[in-house]
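Numbering (our numbering), first residue to last: 851 to 1493.
Structural data, given as structure tokens:
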């Protein structure tokens, strides 16, 4: 009975396939009668198990995307019908002209003795070229990248100021660095690059990114204050990056300075001085007086020699985004640390989900450069959008390739943003509380020690008041695992970790399920972020909103008025009072204001969608057919913690 059932199903599937094959027959097959085709297919079904497929003894490679007919031909004396029957057995209905993906090929690879090969996308091919290892003979010495870390007010910026021999302290707000700065410093014995990480606990994530691109860390500790909470935080980030740590004991000129106490405290964090039998270099300095600064530079350069830092300057540049912003006058400006190759004016690049072309490069001395080599930080203009700090920056062969990769990545990014299985996140907590969508915040806590886990639990429970309560689903010691993510998905919770990190599998699952996972090294930072969300203490954010787009269909030269763009409004409405930008092939060309807006002979203040109009742009006559004119406005909206 079971054999008859299976045989009947096989006949049914075969006839379904025959139906599609009759529709898609090529010219050669069409010469046969439909009856002949049916007879051939039925015969193949009855005899498929009795036949032996002749294949070569040596496995061959088959590229993804091959059609059924092509595969049969490449495998030797094999009929397409036999291959179709094998595909049907694994649940794939195919005809001779259908392309086969990698997964389908893998399903029949063992049966026909071949190796399926994935078809590389354009992005795969370009990134493979980018990541190709350099010939050792092409490598040359490069300057070390040094990150300065430490507790607020322990003298990080004062030290950098002494090294650069410039005064940047007075330009800071509240004496706390606003952004990660990158500076190239030349000395008599060699050159160095310094990353100045923020000293305030609120900028922990920026400090972590600084450690990821560095070759070594200078940990600044005040001789009078000693080890503080943010000192420990900096140590954790430096250790996580796996780079050498050199301790600069600052403020040795003050009356209550006690360098030995600092050394004793740091021994508790596995930083033992060389003079005490350890392996950590300690340098006593006074940043204000300049004492010991030269000794510190010598130790950094000596450490760099031991690291044997080398790179290839004769290749496409690649590096990391240190900081990025939208400058109203210049467009997107991003600080790029070039780590390999040489970056030149005119180079096309991809950075995160955005592409661009290098229009200008400016160093920390405000000098415009035409080319920069490895271990050089520069501000780059020419991005199509604002990348995120930590994004990889890669030069590609052509602007077209960069745009294709950017379009693909942006599509993937939009798709992930539209994922239907969105869970509770700390970023959206405030909005949900305000609109009364939730009455309870579910939290999973993981930490490195029971004492810290208990302390965090107690503090979070204190935050619950009246309308919104904090519900701790789980609190335990250990790293963040897949089980924690699954529990968070099931309970609609967020996951917070203290001095622990998620496993690779847990991170993949959290991304897939869009579950919020946040890690901290300072307890009060964890508490303050959740409190800020619950109480709505975040300042409003100014966001740009596109209100209208018009496509240029014709241009006209008008005496005393310049070039007028005959345009069709394709989205929203064009408003005379709003600023306008000119986009050409999705690249920003100009940004300014509308000088004239007309419908026929009448001046108007606004033109709605699906209407034509004439637009004159102030101080800009290079408008062309197919350009996009985009009107926008700035709105103040409530910030989320991710902004």
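Just so you know, even glycine gets a beta-carbon here, dropped at the ideal spot from N, CA and C.
Computed from a prediction, not measured in an experiment: that's the story for all the values here.
Looking at the secondary structure, which residues open and close the alpha helix (DSSP H) in which residue 1355 lies?
Membership of residue 1355 in the alpha helix (DSSP H) is indicated by the continuous run 1354 to 1363.
From 1202, 1411 and 989, residue whose alpha carbon lies closest to that of residue 1445
Of the candidates 1202, 1411 and 989, the one whose C-alpha sits nearest the C-alpha of residue 1445 is 1411.
Just checking my contact of residue 1137 with residue 1037 at CB under 8 Å: how many whole Å lie between their CB atoms?
So it is not a contact: roughly 16 Å between Cβ atoms.
What's the call for residue 1152, buried or exposed, on a 16-neighbour Cβ count within 10 Å?
So residue 1152 ends up on the exposed side.
What do you get for residue 1187, buried or exposed, if any count of 16 or more other CB atoms within 10 angstroms of its CB means buried?
Under this definition residue 1187 is a buried residue.
Leaving out the 5 sequence neighbours to the left and right, which residues in its chain are closer than 7 Å to residue 936 when beta-carbon positions are compared?
Answer for residue 936: 958 and 961, listed in chain order.
Below 8 Å on the Cβ atoms is my guess for residue 1165 versus residue 1190; work out the distance and round it to an integer in Å.
Indeed, because the Cβ distance is near 6 Å, the residues count as touching under 8 Å.
Close beta carbons around residue 1474, own chain, < 8 Å, minus the five adjacent residues each side
Cβ within range, chain order: 1402, 1405 and 1434.
Identify whether residue 1209 lies in helix, strand or coil by the three-state DSSP scheme.
Strand, per DSSP.
Would residue 940 be called buried (16 or more neighbouring beta carbons within 10 Å of its own) or exposed?
Classification for residue 940: exposed.
Alpha-carbon to alpha-carbon, residue 915 and residue 1033
Looking at the two C-alpha atoms, the distance is approximately 49 Å.
Taking the beta carbon of residue 1233 as the centre, do at least 16 other beta carbons fall within 10 Å, making it buried, or is it exposed?
With a threshold of 16 other beta carbon atoms within 10 Å, residue 1233 meets it and is buried.
Would you tell me roughly how many angstroms separate the C-alpha atoms of residue 1400 and residue 1480, rounded to the nearest one?
Straight-line Cα distance between these residues: approximately 7 Å.
Report the partner residues of residue 1321 according to the DSSP bridge assignment.
Beta-bridge analysis with DSSP links residue 1321 to 1292.
Tell me the start and end of each unbroken beta strand (DSSP E) in the segment 1109 to 1177 that is at least 3 residues and wholly inside, in chain order.
Secondary structure within the segment 1109 to 1177: the beta strand (DSSP E) runs of 3 or more consecutive residues, fully enclosed, are 1131 to 1134 and 1168 to 1177 (chain order).
Suppose contacts are defined by Cβ-Cβ distances below 7 Å. Is residue 1369 in contact with residue 1347 by that definition?
In this structure, residue 1347 lies closer than 7 Å to residue 1369 by Cβ.
Tell me which same chain residues have a C-beta within less than 7 Å of the C-beta of residue 837, skipping the five on either side of it?
The requested residue 837 is not part of the displayed model; the chain covers only 851 to 1493.
May I have the straight-line CA-CA distance separating residue 1335 from residue 1290, to the nearest angstrom?
A direct Cα-to-Cα measurement between residue 1335 and residue 1290 gives close to 19 Å.
Straight-line Cα distance separating residue 1418 from residue 1461:
Going from the Cα of residue 1461 to the Cα of residue 1418 covers about 6 Å.
Quick one: grab the DSSP three-state call for residue 993.
It is coil, neither helix nor strand.
Any idea what DSSP makes of residue 1414, helix, strand or coil?
The three-state secondary structure of residue 1414, taken from DSSP, is strand.
For residue 1080, the nearest candidate out of 989, 1355 and 1000 (CA to CA)
For residue 1080, the nearest C-alpha among the options comes from 1000.
Under 7 Å between the Cβ atoms of residue 984 and residue 1162?
Going by C-beta atoms, residue 984 is nearer than 7 Å to residue 1162.
Just to confirm the assignment: which complete alpha helix (DSSP H) runs, minimum length 4, are found wholly within the segment 921 to 990?
Counting only runs of 4 or more, we get 930 to 939, 952 to 962 and 972 to 980.
Over the uninterrupted beta strand (DSSP E) stretch that includes residue 1190, give me the two end residues.
Run containing residue 1190: 1181 to 1190, per the beta strand (DSSP E) assignment.
What residue range is occupied by the uninterrupted alpha helix (DSSP H) comprising residue 1309?
Where residue 1309 is concerned, the enclosing alpha helix (DSSP H) starts and stops at 1300 to 1313.
DSSP beta-bridge partners of residue 1033
DSSP lists 1044 as partners of residue 1033.
Determine, using beta carbons only, whether residue 1447 and residue 1467 come nearer to each other than 7 Å.
No, the Cβ-Cβ distance between residue 1447 and residue 1467 is not below 7 Å.
What would DSSP say about residue 1068, mapped onto helix, strand or coil?
In this structure, residue 1068 counts as strand in the three-state DSSP scheme.
At which residues does the alpha helix (DSSP H) containing residue 1007 begin and terminate?
DSSP places residue 1007 in the uninterrupted alpha helix (DSSP H) bounded by 1006 to 1014.
Would you identify the three-state DSSP class for residue 1089, choosing helix, strand or coil?
If DSSP states are grouped into helix, strand and coil, residue 1089 belongs with the helices.
Going by Cα to Cα distance, which pick from 1222, 966 and 1374 is closest to residue 1313?
Closest option to residue 1313, Cα to Cα, is 1374.
Give the straight-line distance between the Cα atoms of residue 1144 and residue 1303, rounded to the nearest whole angstrom.
Within the model, the alpha-carbon separation for residue 1144 versus residue 1303 is close to 44 Å.
For the segment 1205 to 1224 and the segment 1066 to 1086, state whether three or more C-beta atom pairs, one from each stretch, are separated by less than 8 Å.
Contact between the segment 1205 to 1224 and the segment 1066 to 1086 is absent, because fewer than three Cβ pairs lie under 8 Å.
Measure the alpha-carbon distance for residue 1476 versus residue 1168 and round it to whole angstroms.
Our two residues, residue 1476 and residue 1168, have alpha carbons roughly 33 Å apart in a direct line.
Please state whether DSSP places residue 1215 in a helix, a strand or coil.
Looking at residue 1215 - three-state DSSP - the assignment turns out to be coil, as it is neither helix nor strand.
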